[in-house]
Structure formats: C-alpha cells, structure tokens
Amino acid sequence: MLTPTPLAKVFARFRVSWAVAEGCDLPATQPHLVNSMHNFTPLSAAIGGTLVGLAVALLMLTTGRIAGISGIVHGLISNAGGKSWRPAFVAGLVLAPLIAKLVGFTMPMPQIPASWVVTAGAGLLVGFGTRLGGGCTSGHGVCGIARLSLRSIAATLIFMGTAMVVVAIVRHGPAG
Amino acid sequence: MQLLASLLCGFVFGCGLLVSGMVSPTKVLGFLDVLGDWDPSLAVVMAAAVTVTRAGFEIARRRGRPFLTKKYEWPTKTRIDAPLAFGAVVFGLGWGLAGLCPGPAVVNLATRSPQVLVFVAAMLTGMALHDLWRRGRTSAPHARGVTPAKADG
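Below is the structure:
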C-alpha cells in the first residue's frame, strides 16, 4: 500500500474536518485518520477563529463596541437604553447558518448530551454566571485576552478550568 | 449604518463559529474533555481570534475614534473580584454540562433544535434572575453601596 504524502495527509485531514463540521459520517476508508487525529481540525479552526477575530475587530472599529455575546444577548432583555445594534448583531448570528445553507454548508443538528432538566439547568447557570462574571467566551475569552486584561484572563482560566472539571466528572467520574 | 455594521459583524462572527465547528457542543466538549480523546481545536480558534482582534484593537486605538460613533467603549473594570470569580465558576459549570456558551447557543437557534431552544430560554431566564437578584441587593435598606456592574462584554 502506498504511503500518503504529507500534503495528501493534510488534505485528507481537511476533508475529515469538514466532514466533522458538517456532521457527516467520517469516510470509512480513512479510519487511521479518525484514530490518530483525535478529531483535531486545526485548519478550519484557524479559519473560523480568524473570522471571529475579524468580526470583533470590525465591531470595535466601526461602532466602538465590544463584541461580548452574553452582554449583547443580555441587552435584549434589559432596558439598555434603545440600542437596537444588539438585536441587529444577534440577527446576524442567526442569519449565518441560514445563508451558509444557501451555499451548501448545512449545519448539523446540535447534540447536547444531557437530559432536558440538565440542559435547562445548564442554560440557567450560563445566563446567571456570564452576567455575574461580566462576560463569556467572547467578551472575556477573545476581547479581554486581546486587550491583555488580567481580569479577563483570570475569568477565562476559571470558567475553562471549571468546565474541564465538570466534563472530567461527567465522562470519567465514578458515575460516568 | 451602525445597525448594518452590527448585523454584518454578527454574521461574520456566526460564520466563524460555523466554519470552526464551534457551534457543535460535541466539538466543544471534545476540547473540555482533557482526560479523554482531547481535541485542541477550540484553543486554535481562540488563538486565531485573539491574534486578529489584537491587531484590530491596535488599529482602533491609533485611529482615535470609531468610524460610525463618537468614541470607543473600552471596558473599564480591571479588578479581579469575587463576582468575577464566582460568575466564571457558575458559567463554567453550565458550559461543561451542555457544551454551549452564549455565541454558539444563539447561532444554533437557526436549527430550531428543541434542546437549544430550552437552553437559550433558560439562559435568558438566568440573566433576568441575576438582574432581579442584583436589584434586590441594591434596593435593600442596608445595601453596602453595591452598584450594578458595568459588564466587560
């Protein structure tokens, strides 16, 4: 059997990454990739991350605002003073997969591996926690770290560390 | 114009989450699962996003003022205090349980997944509960000078 060239490997990984992103079954002819790559999709991650960064930078450059999603979503339900830019931003978020679908990129149905009660509880925790802590993965994790804010770096380490502990307990704990 | 800019930024942000696969709770949980088959993709997404954001913010600072508004609204808080730490822990608990944070949750609304609808409804409720709780504390007779926090993001 021919050994794949490095370039071919990269290309194959890219295909796998799209397959994962699109929720397709992985190609059965490339099981070695599935086992060796641990689902890591660096290329699509780098492209997607760049787009996120562009969006955050553009919002600051044009409107002078921080693209923190939890803050923006919170603005929808609080009397944040007639700022309709927030609904516009949220509309853009929801439009993304709808327009992507038109060009053939179908978003997979999300699978939350939790019961209804746990899903609702998780939503409550995310809503309450992001307001108490003043930000989420975007406001602290992207904007804050880019500003080298120690406050945001601390928040990111704490919420990421906590989430990792939760997953470790759920998946690898005594009951998992 | 501001509305159009915000809409466009939301759209590009959503495309980024979509392309990177970060809209998938499975993918995000793969990153959080450090003891399992660890998937570092989320770290790459964040590194790329932070790098581009940093460059953009640098340009913004040099320009003096935004294109469409009078001034930049940079976050002003710098203290690492108890609300920040507790809030981050609470958020982390929810994030780890569902694999969804606010951005991907909103983008996922487009799929009309019942699970996501429940999650987002609960998230909004959590935010409202926080506001109620804070209002209760600030309007209490012996409130210790607690002022509503100006959010970072």
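From first to last, the protein sequence lines stand for chains A and B.
The opening position of the first sequence corresponds to residue 620 in this note's numbering, with each subsequent residue numbered one higher.
The opening position of the second sequence corresponds to residue 232 in this note's numbering, with each subsequent residue numbered one higher.
Beta carbons are placed, not taken as given, at the ideal position from N, Cα and C, and that holds for glycine.
So which residues on chain B does residue i lean against when the C-beta distance must stay under 9 Å?
i, result
"residue 793 (chain A)", "In chain order: nothing, as chain B lies at least about 13 Å away."
"residue 711 (chain A)", "237, 238, 239, 240, 241, 242, 243, 244, 245"
"residue 737 (chain A)", "328, 329"
Which chain A residues are close to residue i, counting only those with a beta carbon under 8 Å from its beta carbon?
i, result
"residue 356 (chain B)", "742, 743, 746"
"residue 363 (chain B)", "Within 8 Å Cβ-Cβ: nothing; residue 363 (chain B) doesn't reach chain A, min ~10 Å."
Among the options, which one has its Cα closest to the Cα of residue i?
i, options, result
"residue 727 (chain A)", "B:355, B:365, B:250, B:293", "B:250"
"residue 716 (chain A)", "B:254, B:309, B:266", "B:254"
"residue 791 (chain A)", "B:263, B:337, B:368", "B:263"
"residue 354 (chain B)", "A:693, A:666, A:662, A:659", "A:693"
"residue 334 (chain B)", "B:306, B:256, B:293", "B:256"
"residue 761 (chain A)", "B:368, B:274, B:338", "B:274"
"residue 303 (chain B)", "B:330, B:310, B:293, B:338", "B:293"
"residue 310 (chain B)", "A:763, A:787, A:785", "A:763"
"residue 697 (chain A)", "B:340, B:261, B:359, B:287", "B:359"
"residue 756 (chain A)", "A:687, A:666, A:661", "A:687"
"residue 707 (chain A)", "B:287, B:337, B:289", "B:337"
"residue 788 (chain A)", "B:260, B:312, B:296, B:276", "B:260"
"residue 307 (chain B)", "A:753, A:725, A:743", "A:753"
"residue 775 (chain A)", "B:258, B:296, B:332, B:234", "B:332"
"residue 232 (chain B)", "A:704, A:793, A:722, A:759", "A:704"
"residue 240 (chain B)", "A:685, A:741, A:663", "A:685"
"residue 661 (chain A)", "B:299, B:258, B:364", "B:258"
"residue 312 (chain B)", "A:766, A:758, A:751, A:765", "A:751"
"residue 784 (chain A)", "B:236, B:265, B:252", "B:265"
"residue 298 (chain B)", "B:367, B:362, B:236", "B:236"
"residue 291 (chain B)", "A:766, A:794, A:736", "A:766"
"residue 759 (chain A)", "B:305, B:363, B:301, B:341", "B:305"
"residue 867 (chain A)", "B:276, B:363, B:339, B:278", "Nothing can be reported for residue 867 (chain A): it is not among the residues displayed for chain A, which extend from 620 to 795."
"residue 742 (chain A)", "A:723, A:721, A:689", "A:689"
"residue 737 (chain A)", "B:280, B:287, B:301, B:329", "B:329"
"residue 666 (chain A)", "B:301, B:252, B:285", "B:252"
What residues from chain C crowd round residue i, counting only those whose CB sits closer than 9 Å?
i, result
"residue 369 (chain B)", "Here chain C cannot be found, since the structure's protein chains are A and B."
Which chain B residues are close to residue i, counting only those with a beta carbon under 8 Å from its beta carbon?
i, result
"residue 692 (chain A)", "333, 337, 354, 355, 358"
"residue 721 (chain A)", "Within 8 Å Cβ-Cβ: nothing; residue 721 (chain A) doesn't reach chain B, min ~12 Å."
Applying a beta-carbon distance threshold of less than 9 Å, which residues of chain A neighbour residue i?
i, result
"residue 285 (chain B)", "672, 676, 764, 765, 766, 767"
Which chain A residues are close to residue i, counting only those with a beta carbon under 7 Å from its beta carbon?
i, result
"residue 340 (chain B)", "713"
### Task
Select from the segment 657-680 of chain A all residues with a C-beta closer than 8 Å to any C-beta belonging to chain B, and list them in chain order.
For the segment 657-680 of chain A, the set of positions with a beta-carbon nearer than 8 Å to some beta-carbon of chain B reads 657, 658, 659, 660, 661, 663, 664, 665, 666, 667, 668, 669, 670, 671, 672, 673, 674, 675, 676, 677, 678, 679, 680 in chain order.
### Message
Check whether the segment 265-282 of chain B and the segment 735-748 of chain A are in contact - that is, three or more C-beta pairs closer than 8 Å.
### Response
By the Cβ criterion, the segment 265-282 of chain B is not in contact with the segment 735-748 of chain A, since fewer than three pairs of Cβ atoms, one from each stretch, lie closer than 8 Å.
### Task
Determine, using beta-carbon pairs with one atom in the segment 315-325 of chain B and one in the segment 719-732 of chain A, whether at least three such pairs fall under 8 Å.
Segment contact: the segment 315-325 of chain B against the segment 719-732 of chain A, fewer than three CB-CB distances shorter than 8 Å; contact not assigned.
### Task
Assess, as a yes-or-no matter, whether the segment 673-682 of chain A is touched by the segment 766-786 of chain A under the definition of 3 or more beta carbon pairs within less than 8 Å.
The segment 766-786 of chain A, when compared against the segment 673-682 of chain A, does not touch it at the 8 Å Cβ threshold.
### Message
Three or more C-beta pairs under 8 Å: does that hold for the segment 233-244 of chain B against the segment 658-677 of chain A?
### Response
Touching, yes, given that three or more Cβ pairs across the two stretches are closer than 8 Å.
### Three CB pairs or more closer than 8 Å across the segment 320-329 of chain B and the segment 701-721 of chain A
Result no; under three Cβ-Cβ pairs closer than 8 Å.
### Message
Does the segment 345-354 of chain B come into contact with the segment 756-771 of chain A, if we say contact requires no fewer than three beta-carbon pairs (one atom in each stretch) closer than 8 Å?
### Response
The segment 345-354 of chain B vs the segment 756-771 of chain A: no contact.
### Message
Beta carbons nearer than 7 Å to chain A: which residues of the segment 289-311 of chain B have them?
### Response
Listed by position, the residues of the segment 289-311 of chain B near chain A (Cβ gap below 7 Å) are 290, 291, 297, 298, 299, 300, 302, 303, 304, 306, 308, 309, 310, 311.
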